[in-house]
Amino acid sequence: MNYAYYPGCSLESTSPDFHLSTKALIEFLQMDIEEIPDWTCCGASAIHPDNKLLSLALPSLTLDSANKIKKDIMVQCPACYAHLREAQHALKLEDEMTEGIHEVLNKKVDPSLNIKHFSEILVHEYGMDKLEEKRVKSLEGLKVASYYGCVIVRPKKVMAYDDPENPQLMDQLITMTGATAIDWPFKTKCCGAGNSISRTEVVLDLTYEILRMAKQNGAEAISVLCPLCHINLDLRQKAIEKRYKTKFNLPIFYYTQLLGLSFGLDPKKLALDRLFVSPFPLLRNKGLL
Amino acid sequence: MARIGVFVCWCGSNIAETVDVVKASETIAKIPGVVLSTDYKYLCSDPGQDLVKQAIKDHNLTGVVVASCSPRMHEPTFRKAAAQAGLNPYMLEMANIREQCSWVHDKKEDATQKAIDLIRMMVEKVKRNKPLQNVKIPVTKKALVIGGGVTGIQAALDIASGGIPVILLEREPSIGGHMSMLDETFPTLDCSQCILTPKMVEVAQHPLIQIITYSELESLEGFVGNFKVKIRKKARHVDIDACTGCGTCWQKCPTKVTSEFEQGLGKRKAIYIPFPQAIPSRPVIDEDHCLKFTSNRCGICEKVCPTKAVHFDDQPVIIEEEVGAIVVATGYDLMKTSDFGEYGYGKYKDVVTSLQFERMVCASGPTLGDLQRPSDGKKPKTVVFVKCVGSRDPEHHYPYCSKICCMYTAKQTMLFRHKVHDGNAYVFYIDIRSNGKNYEEFVRRASEHEGAQYIRGRVSMVYQDGEDLVVEGADTLTNSQVKIKADLVVLATAMKSPEGIKELAQKLGIGYDQHGFLTEAHPKLKPVESSTAGIFLAGCALSPRDIPDSVSEASGAAAKVMGLLSKSELEKDGVVATVRECSCTACQNCVKVCPFGAISLKDIKDRQGNLIRQVANVNPGLCTGCGTCTPSCPSRSIDLQGFTDEELYAEINAMALL
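Chains as they are written, first to last, in our numbering: chain H, 11 to 299; chain E, 523 to 1180.
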């Protein structure tokens, strides 16, 4: 399990809880994963509406850095995942755009390495059986809605992540922890993404639907794999409650944090104290702390 | 001694503008063996043809070269003329100095020289041509129709009306196909069963039509006019002749099974007829669910049958038939709700397919025509129809349009509103394709007079929100998002090719595309013929189409069959491969490369009947004259008549050696 870890800008800045819990898991599971030296921002939401070539060239730089250490790439952030894959796709097409990328970077980038999401690696490579062996505390009794967000599943041809209509990878990991992964229809509904900054009401309205549907289907907590979804569901939850005059009290976990809990890792190491909607009352209630 | 006549055509100015036809004919006249070389304005005209015919007689011509257009245009014309003048038609060749010369060049001097070269090549070939004879093949005057839906039924009736016996083969227990499942049909709102069952009865009673149901094609051998067919009759476990259709058995049967005919919305028994108007009206036993077969219990049907028609020990039987022509009318299948994640992967009971909706509104359906929500039996007040589900979707499903959905959705809105007068019918659409006779007027009736509300936009999701089934879509004309709380959602799912079609097509040796739709010989000019002689195609087996088109094609295919079988012998052109047996070593190269399976090994025996050796043997009935075998032979023992090595080398030498 030899991978080059690409945290991306979000995990290093606004979502250190994701980064820390990921690193905690890597250490605990003794996976041979090192951070890509000298990685670059993938361009996220800002670049691709403005300049297509730049949006492909920028992540290609990171592909090149990974090539240097000859390791396949592991990502957590769906936007980083999407941009790396789009760049790889563009490089493989070998058309004018590919030439443009090579010209901008002043070098040819080999696109043949693999890019995978950490959840894919855990389920398909590390294996559910081996993960279950490591479990020391069952999160039984905890009802969790797996929320994937919309970026990681589309476009289908480029991302090839699970079933785009009803993904299961995170649900499988939640089930492994002993918690109940509830069935609900909004797994990939858009939360409003970057509108969180520019048009916050849009996010409040869209994310409200997600919180509402999760609660309606019996969720006590939500598990996410996207830093931006996390901000919208966690940071903005109070504003949503105020706007809609309701209470949700839904802690928003990164799936790595839930996995770490079931492996008996220290809640501080999993950065559980960095969540805006505190998970501690719920976890204490369920006897999981 | 060769006596070749050469006729160079002006073709008006088509040739003469670029090629000096007079000079060409004068130059050709000097070639040894050419006794006549002349030019004419329009050789294909009646006087032009007369010129050729007269010349053949007057000059005792042994061969003719017509230098004019492509042989694809007029080779049959001129060969027929030659035959009428008493010259074997294969002694006439065409030199294409139009499509391959005057139409693609502009320098007169060069084009003229090229035309002269082309004509000289054909003169040298014709000197070596042999007077070939057309191949005559005997014909079995019987037809097989595969598929017992409306298309197969129509084809069978039309063929039988021409006095030709027909076998109608159907793999379900009854004929009728999908049309027997429909409620009312567009654009007339005729009751589907009411217009179909008379044809079904006619087929059943027709002395020349033999219906074989619950059976499939096992294998096919032979060639046009002479097919040998093996049919596998599945074990019915009911003797059709002894059974009277009284129904006692299925009334007493304790086992209920989800009914395929009711599209999963109703039940049938383990011994059953699929629907009341089934033909034959005799049950079959479903071995997968009958208690006798699964756990050796029950057996009530056998006990109560008044005519002792139930036989648990029936075995599948293979029968052999000889037919001269085959019509493939195998119809279609429909995608299921479980194919679509955005609409719930089949878990929402109130999200149904269009065919399920037909059963729900049909008076003979699972709720006897009382429209009820499958989940709670309540009457639906708001029904949302979603079109293009799986069709026009190259990204995820099928790229093609399923053709009938725009029409049947308009129809279904009306069927719904006729039952629920204050109901809301919404239709989400991309386009409205209503291009048949009275079709546009029918759709307008639905939207302008019968209350159907059309929303232009796609549906992104259908989901359960508490008690409600919510349809989320877009209205592109008002640029807004739409959310509808629906009692029932009807998906117009894509038509696709049926299960097992590729295997069947391979057994028949006919082509199919990547979707499993059968390929016609030419999409515009040969729409009901496959590329295999003697096998014809009709209906949705080719691609999605409606009942009028399917029935028309059935009649078209039947006409082709009747044309084929109207003669006592089939005549095929003589351009076939032949084997020089003395030098053939039976290496089987030609056998392997022949795309039509026309070559096999033949035994050469001595007078006592002992095998001496084997040689390749060409079946002239299957040979299409493609010539692939000729270069494959290491001993030059197989040659294509009409394009022999000798003739072709003569052409090449004529051009290359000046």
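All residues carry an ideal CB built from backbone N, CA and C; glycine is no exception.
Host alpha helix (DSSP H) of residue i (start-end)
i: H/L221; result: T210 to Q226
i: E/R1135; result: Run containing E/R1135: none in the alpha helix (DSSP H); it sits in the beta strand (DSSP E), L1133 to V1140.
i: E/N582; result: Note, E/N582: premise wrong, no alpha helix (DSSP H); not H, not E.
i: H/L66; result: K62 to K78
i: E/Y961; result: Y961 to R966
i: E/R594; result: P593 to Q606
i: E/M722; result: S714 to Q727
i: E/C771; result: T770 to K774
i: E/T816; result: L813 to S817
i: E/E972; result: No alpha helix (DSSP H) contains E/E972, which DSSP labels as neither H nor E.
Buried/exposed call for residue i, threshold 16 Cβ in 10 Å
i: E/M523; result: exposed
i: E/T859; result: buried
i: E/E963; result: exposed
i: H/S272; result: buried
i: E/S817; result: exposed
i: E/L614; result: buried
i: E/S924; result: buried
i: E/Y1171; result: exposed
i: H/G274; result: exposed
i: H/N116; result: exposed
i: E/P554; result: exposed
i: E/H759; result: buried
i: H/T198; result: buried
i: H/N12; result: exposed
i: E/C716; result: exposed
i: H/A281; result: buried
Test: residue i CB closer than 9 Å to a CB of chain H
i: E/D997; result: no
i: E/G868; result: no
i: E/F943; result: Going by the sequence as given, residue 943 of chain E is His instead of Phe. By this cut-off, E/H943 is not an interface position.
i: E/H918; result: yes
CB contact below 9 Å: residue i versus chain E
i: H/F258; result: no
i: H/E175; result: yes
i: H/Q226; result: yes
i: H/M223; result: yes
i: H/F128; result: no
i: H/K153; result: no
i: H/P195; result: yes
i: H/K166; result: yes
i: H/K199; result: yes
Residue i: first and last residue of the uninterrupted beta strand (DSSP E) it sits in
i: E/E844; result: V839 to V845
i: E/Q745; result: Strictly speaking, residue 745 of chain E in this sequence is Phe, with Gln absent from that position. E/F745 -> beta strand (DSSP E) spans S737 to F745.
i: H/Q178; result: Element bounds for H/Q178: n/a, residue is neither H nor E.
i: E/D990; result: D990 to D997
i: E/A665; result: A665 to I668
i: E/K1127; result: I1121 to K1127
i: E/L1092; result: E1091 to K1094
i: H/C90; result: Segment P88 to L103 is the alpha helix (DSSP H) holding H/C90; no beta strand (DSSP E) there.
i: E/Q1003; result: S1002 to A1008
i: E/C910; result: T904 to V911
i: H/H127; result: I125 to H127
i: E/T690; result: The sequence shown places Leu at residue 690 of chain E, not Thr. V688 to L691 is the extent of the beta strand (DSSP E) around E/L690.
i: E/N618; result: L614 to N618
i: H/Y265; result: Segment Y265 to S272 is the alpha helix (DSSP H) holding H/Y265; no beta strand (DSSP E) there.
Proximal residues of chain H, C-beta to C-beta of residue i below 7 Å
i: E/G912; result: Those do not exist, as E/G912 stays about 13 Å from chain H at its closest Cβ, beyond 7 Å.
Contacts of residue i in chain H (Cβ-Cβ under 8 Å)
i: E/G863; result: D173, P174, E175 and N176
CB contact check: residue i to chain A, cutoff 9 Å
i: E/E692; result: This model lacks chain A altogether, as its protein chains are H and E.
Heavy atom of the ligand MG within 8 Å of residue i beta-carbon
i: H/V154; result: The ligand MG is not among the ligands present in this structure, which contains no ligands whatsoever.
**Prompt:** Relative to chain H, which residues along the region 971–1005 of chain E have a C-beta separation below 8 Å, given in chain order?
**Reply:** M983, Y985, Q986, D987 and G988
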